[in-house]
Amino acid sequence: MRRPIFTSEHELFRESVAEFCRRHVYPNLDRWREEGWTGREIWEEAGRQDFIGLAMPAEYGGAELADFRFNQVLGEELATASLAVNSALLLGIDVVAPYLLELTTPEQKERYVPDFCAGRLICSIGMTEPQAGSDLAGLRTRAVRDGDGWMLNGAKTFITNGTAADLVVVAARTGKGRKDVSVFLLDGGAEGFARGRKLEKVGQHEADTAELFFEDVRLPAWSLLGEENRGFDYMTERLPQERLSIAVANVAHAAAALEQTLEYVRERKAFGRAIGTFQHNRFLLAEMQTEVDAGRAFVDQCVMAHVEDELTAVDAAKAKWWTADLQNRVLDNCVQLHGGYGFMDEYRVARFWADGRVSKIWGGTNEIMKDLIGRSMGL
Ligand SMILES: Cc1cc2nc3c(=O)[nH]c(=O)nc-3n(C[C@H](O)[C@H](O)[C@H](O)COP(=O)(O)OP(=O)(O)OC[C@H]3O[C@@H](n4cnc5c(N)ncnc54)[C@H](O)[C@@H]3O)c2cc1C
């Protein structure tokens, strides 16, 4: 289907991201899977190509392309290559960058944004804790006043880029009220800040996911992002972009798996004919193609709403859960259509299937998305 939201500038950008993937992502995937993360090289290369600081001002080394369609193109091409690489890089570009751009003082920008844009500053965001994920207001990490700064204690888990992070945006309780949460910038080398295990996941082996521990970590006064006790608002205001970014990846990932599967079912023969030509399989493939096109059309519309600063939290939640379901249905069918080969790790479709399962969980689970939508319906 033609996608009218893109101009020739976006299409040119797509070609440069596709070339980046061909040269710097695909050839390294097997090694990264073995090593358990991408290494710094991909960040620096993405920085050189101006991908990391897409929306950042030129004075800090950014590309000044504050049009989410560029993020979308980047996300689609990366998710087609590897959902893990997409999640590692876009966690910086789509999730952390808005904090660094919108909530920082000029001094904080000066300190962090040039290195971020250059791919020298790997970033994480720490919201989830061992005892609190969906119920974010239940977080227990606490920062208390200590002289003119703060003392941080607590733990985070499942943190993307956690082992490598040079900078962590950390959410911590700073008051007595349930939503008295503030957000801090924590330097990777701070005393008392320890990384736990790099977590062993069932998929996305080339992404680093870790536990973080804070024991009497002294935070200087200037490390507070924005205002004290406004962290909850800051996070909820930025979650729609994170969810949209995930929805973009979900559809692109499903589309890529479908494309690989189409090639397979045209070649693979059973009972003297290509397996794709059996009516059941032809119908299944037709249904998947229709759903991928429909999902993409909805996501494109959400992206345009976001470009016009009109994306609602409810529409972002719809896009996130529905595309995660779609992606997981498609991936499961694609594995089935590959037969036994679909369960073999050397087949991309098997890796896609394992990589995609988390989409219904992270960034807010499908149940939490439906809860948010249901509440908006007065329920
Ligand atoms: C690979 C990976 C990377 C991640 N990266 C990050 C990161 O970089 N930073 C970060 O902060 N977090 C990250 N997360 C955490 C992720 O966002 C959480 O796992 C997610 O929000 C769910 O929280 P939880 O795991 O505590 O599950 P829980 O909140 O314990 O939920 C367990 C189950 O209960 C259901 N449930 C909970 N409340 C309700 C309700 N009210 N109604 C109905 N059902 C409910 C959930 O839907 C789920 O099915 C990552 C997770 C993974 C797996």
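Counting in the working numbering, the sequence shown runs from 283 upward without gaps.
The beta-carbon is built from N, C-alpha and C at its ideal position, and this holds for glycine as well.
Because the structure is a prediction, the values reported are computed rather than measured.
A distance below 7 Å between beta-carbons, with the five flanking residues on each side excluded, links residue 526 to the following residues of its chain, in chain order: 584, 585, 588, 593, 598 and 601. Classified as buried, residue 328 has 16 or more neighbouring CB atoms from the shown chains inside 10 Å of its CB. Fewer than three beta-carbon pairs drawn from the segment 462-475 and the segment 297-304 are found closer than 8 Å, and the two stretches are therefore not classed as touching. The nearest non-hydrogen atom of ligand 1 is less than 7 Å from the C-beta of residue 442. Judged by DSSP secondary structure, residue 439 falls within the beta strand (DSSP E) whose first and last residues are 431-442. A residue is called buried once 16 or more other Cβ atoms fall within 10 Å of its Cβ, and residue 486 is buried on that count.
Of the residues 352, 332 and 308, the one whose Cα lies closest to the Cα of residue 290 is 352.
In the DSSP assignment, residue 284 falls outside any beta strand (DSSP E), carrying neither H nor E. 8 Å or more divides the Cβ of residue 403 from the Cβ of residue 409.
The criterion of a C-beta distance shorter than 8 Å is satisfied by residue 324 and residue 367. Under the DSSP definition of a beta bridge, residue 405 partners with 449. Runs of alpha helix (DSSP H) with 4 or more residues, each lying fully within the segment 299-369, are found at 311-317, 323-330 and 350-363, listed in chain order. The beta carbons of residue 635 and residue 488 sit about 16 Å from each other, so the pair does not count as a contact at 8 Å.
Counted as a single uninterrupted DSSP element, the stretch harbouring residue 640 is not any alpha helix (DSSP H), since DSSP gives it neither H nor E.
In this structure residue 579 is exposed. Its beta-carbon is surrounded by fewer than 16 other beta-carbon atoms within 10 angstroms. Checking the 7 Å criterion, the Cβ of residue 622 is out of range of every heavy atom belonging to ligand 1. According to the DSSP secondary-structure assignment, residue 559 is paired through a beta bridge with no residue. Looking at the backbone, the Cα of residue 470 and that of residue 555 are separated by about 58 Å. It is roughly 6 Å from the alpha-carbon of residue 443 to the alpha-carbon of residue 406. Sequence-distant Cβ neighbours of residue 631 in its own chain, meaning closer than 7 Å and more than five residues away, are 539, 542, 543, 616, 617, 620 and 624. In this structure, ligand 1 has a non-hydrogen atom nearer than 7 Å to the beta-carbon of residue 644. Approximately 7 Å separates the beta-carbon atoms of residue 463 and residue 511; this is inside 8 Å, confirming the contact. For residue 283 and residue 575, the gap between their C-alpha atoms comes out near 7 Å. Residue range 475-480 is occupied by the beta strand (DSSP E) that includes residue 478.
Residue 483 has its Cβ nearer than 7 Å to a heavy atom of ligand 1. Ranked by how close their Cα comes to the Cα of residue 440, the residues 494, 347 and 394 have 494 in first place. When DSSP reads this structure, residue 553 sits in no beta bridge, so it has no partner. Contact check between the segment 333-346 and the segment 377-396: three or more CB pairs, one atom from each, fall below 8 Å, which counts as touching. Per DSSP, reduced to three states, the secondary structure at residue 606 is helical. Residue 373 and residue 614 have their C-alpha atoms some 26 Å from each other.
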